[in-house]
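Just so it is clear: in the sequence shown, position 36 is 36 by UniProt numbering, and no numbers are missing. Beta carbons are placed, not taken as given, at the ideal position from N, Cα and C, and that holds for glycine. Keep in mind that this is a model prediction, so the values were computed, not measured. What follows is a single structure, written as C-alpha cells, with notes after it.
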Amino acid sequence: MGSMDFPQIWPLLKDSSRQWLMEHNGEPLPDDLIADILRVTGGEQNAQWWAGDAGEGETQLSDEAVDWIETVANDEG
Numbered sequence: 001m002g003s004m005d006f007p008q009i010w011p012l013l014k015d016s017s018r019q020w021l022m023e024h025n026g027e028p029l030p031d032d033l034i035a036d037i038l039r040v041t042g043g044e045q046n047a048q049w050w051a052g053d054a055g056e057g058e059t060q061l062s063d064e065a066v067d068w069i070e071t072v073a074n075d076e077g
C-alpha cells in the first residue's frame with residue numbers, strides 16, 4: 001500500500017476515533033486511537049500527518065493533520 005494522506009485515512013477510522021479526534025483535536029493520542037490509525041494504514045506513520053512522540057511517551061498528529069481535523073469538525077458542527 002502506498003502512502004496515505006490523512007483525508008484518506010479519516011473515513012476508514014472507527015466512528016469513535018473520528019469523534020475523539022474532533023473533540024480532543026491537538027491532544028496526545030490515546031493508545032486505542034493510535035492502534036486504529038495504524039490498523040487503517042497497515043502500520044505506516046507518514047511524516048505529513050504523524051508527529052510521533054511529543055515527549056513523555058505521548059504521540060501526536062502533525063500540525064497539518066490537526067488543522068485538517070479542525071476544518072472537518074467545523075464543517076460538521
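message = So, at 8 Å on beta carbons, what are the nonlocal neighbours of V72 in its own chain, with the 5 sequence-adjacent residues on each side left out?
response = W10, M22
ask   = At a cut of 8 Å, does the segment 42 to 52 reach the segment 12 to 30 through at least three beta carbon pairs?
value = no
ask   = Taking Cβ positions, are F6 and A51 nearer each other than 9 Å?
value = no
ask   = Taking the DSSP output, what are the residues bridged to L29?
value = T59
query = Taking DSSP as the reference, what is the three-state secondary structure of M4?
reply = coil
message = So, for N25: in the same chain, excluding its five sequence neighbours on each side, which residues have a beta-carbon less than 8 Å away from its beta-carbon?
response = V66, I69, E70, A73
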